[in-house]
Amino acid sequence: MNNTRYRLVFSKLRGMLVAVEETATGTGKSSRGETSVVRACPYASQTPFFALRQMAFAVLLLLGVLPASYAQIVTAPGSGAQVIQTPNGLPQVNVARPSGAGVSVNTYSQFDVQKPGAILNNSPVLVNTQQAGYINGNPNYAAGQSAKIIVNQVNSSAASQINGALEVAGSRAEVVIANGSGISVNGGSFLNTARAILTTSTPNYGADGSLTGFNVTGGNITVQGAGLNASNVDQVDLLARAVQANAAIYANNLNVITGPNQVNHDTLAATPIAGTGPAPGVSIDVSQLGGMYANRIILVGSENGVGVSNAGVVAAQAGDLTLTTQGRLVLTGRTNASGNLSVSVAGDIDNSGTTYGQQNVSVNTSGDLTNSGTLAAQQGLTVNRGQRRVNRNPRRRHQRRLERGPERRPELHRDGSTERDGSKHRGRQCDPAGQHRHACWQPDRC
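Residue 563 in my numbering sits at position 322 of the sequence shown; the count goes up by one each step and never skips.
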């Protein structure tokens, strides 16, 4: 027999399997309940501790705990949260006890949600979940306790990968994922979530433990592949220095605030602050394969000289679309609103796509407006170039206004003409009597 070979023996005394040398005997042990049974592990001669390692791994599985090398969510030292496994193998975060203001703050060295999904346990008692069935209550909670806001702060040099559904177990809550190194979404979604905030910021807290806002100094949020589906969430906020949509984003109310800012949690009011590192080329970039679809959309690019580009689709399907940027605006895709469409740009506007509002469209720019596409409104279209205020008089320099005709919507065509009541008008042919309030696209002729 080889004394480097091991076998597993069930110990009645210990109530478990133990590894012993193959040459070991049960002498003097039988009366104490040691039973020498079990077949030798065929691989143990090559790896003496193989059996022990396999046993340890099995025990971790039974206990619902996996070592960090197998996990996608790893809590940071000192975090009040613990990560275990649900009965069907999903990561389950027993989040930290909430503050008096109802905010549970959890810190991680890694926070990735893979395609099967993950659970944030917000219940003190046994609770049924959509992804994992019944799970035990959160031992960090007191009876009747739950969080209104669950903050997941990631301290890592790597971006978080949100590729599956993140579910709140128990009471519905707001979920924040904050990672200064960035966030990548590819098939991400949220369940039982009132508001979802993805941000590259550092969260700010009040003395009472409330979440007051976010300091954004850098970092990108990228949506790609299978996109982000949060249409079941009341409000979705993307707060980063730059946001790139290479796939579809679905939401109810969507807010995208970019640039180095201090952003208020409740109002999303953004106050510019100093950024770290070089500025991005574009603050909000919707590629040809990308899109933003929501009932209402607000897009803000606050960084000076950094523009916005839409080559895909930005569609407010049941409300208004507001777009503000301190740089250049390039529209080559479709930018639509079922309500009002408001555009405010510090730089130039280049529209070669379709920009349309079913109600009013208002365009304000401090620079030049170049239109080789369609800029139209079902009701009123107002374009204000430069610093002059909008005036209904079509002869006013630097202002153009279209009002709805009885049968046709006001529209600016690629050749620079406008159309009202079925007739075309060139922008330079302004009506001196003001009978047709059509666009005047060559202000020096008006």
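For glycine and all other residues, C-beta sits at the position ideal for the given N, C-alpha and C. Predicted, not measured: the structure shown is a model, and the values here were computed from it.
The C-alpha of residue 607 lies about 23 Å from the C-alpha of residue 483. For residue 462, the enclosing beta strand (DSSP E) stretches over residues 461-464. Counting of Cβ neighbours within 10 angstroms places residue 478 among the buried residues, the total reaching 16 or more.
Within the same chain, 316, 320, 321, 322, 334, 336, 337, 391, 392, 393 and 394 come within 8 Å of residue 347 by CB-CB distance, once the 5 residues on both sides are set aside.
When rounded, the separation of the alpha-carbon atoms in residue 521 and residue 547 is 7 Å. When 601, 339 and 357 are compared, the shortest CA-CA separation from residue 364 is found for 339. Below 8 Å, too few C-beta pairs join the segment 524-537 and the segment 503-514 to call them touching: fewer than three. Between the segment 466-475 and the segment 440-451, the count of C-beta pairs closer than 8 Å stays below three; the two stretches do not touch. Using a Cβ distance threshold of 8 Å, residue 530 and residue 553 count as a contacting pair.
In the structure shown, the three-state DSSP call for residue 580 is coil. Non-local beta-carbon contacts of residue 314 in its own chain, meaning distances under 8 Å to residues more than five positions away in sequence, involve 324, 332, 334, 349, 351, 352, 353, 354 and 359 in chain order.
Counting only residues of its own chain and dropping the five nearest sequence neighbours on each side, residue 345 has a CB closer than 6 Å to the CB of 336, 337, 339, 388 and 391. Between the alpha carbons of residue 551 and residue 473 lies a distance of about 25 Å. Cβ atoms of residue 575 and residue 556 come within 8 Å of each other, at about 7 Å. Residues of the same chain with a CB within less than 6 Å of the CB of residue 539, apart from the 5 flanking positions on each side, are 496 and 563 in chain order.
The alpha carbon of residue 330 has as its nearest neighbour, out of 376, 368 and 318, the alpha carbon of 376. By the neighbour-count criterion, in which 16 or more other beta carbons inside 10 Å mark a residue as buried, residue 441 falls on the buried side. For residue 444, the three-state secondary structure derived from DSSP is strand.
Here residue 613 is exposed. Its C-beta has fewer than 16 other C-beta atoms within 10 Å.
An exposed status is given to residue 366, since fewer than 16 other beta-carbon atoms sit within 10 Å of its beta-carbon. Under the three-state reduction of DSSP output, residue 411 falls in the strand class.
Bridge pairing for residue 575: 554 and 595 [DSSP]. Residue 518 and residue 374 have their C-alpha atoms some 45 Å from each other. If you check the CB distance, residue 480 and residue 525 do not come in under 8 Å. Listed as beta-bridge partners of residue 355 by DSSP are no residues whatsoever. Considered as a whole, the segment 324-374 harbours 332-335, 344-352, 359-363 and 368-370 as its complete beta strand (DSSP E) runs of no fewer than 3 residues, in chain order. Between the C-alpha atoms of residue 486 and residue 384 there is a straight-line separation of about 42 Å. Pairing residue 572 with residue 493, the inter-Cα distance amounts to about 23 Å.
Here residue 450 is not near residue 422, since their CB atoms are 8 Å or more apart. Secondary structure at residue 475: strand, using DSSP grouped into helix, strand and coil.
The secondary-structure analysis by DSSP pairs residue 526 across a beta bridge with 485 and 550.
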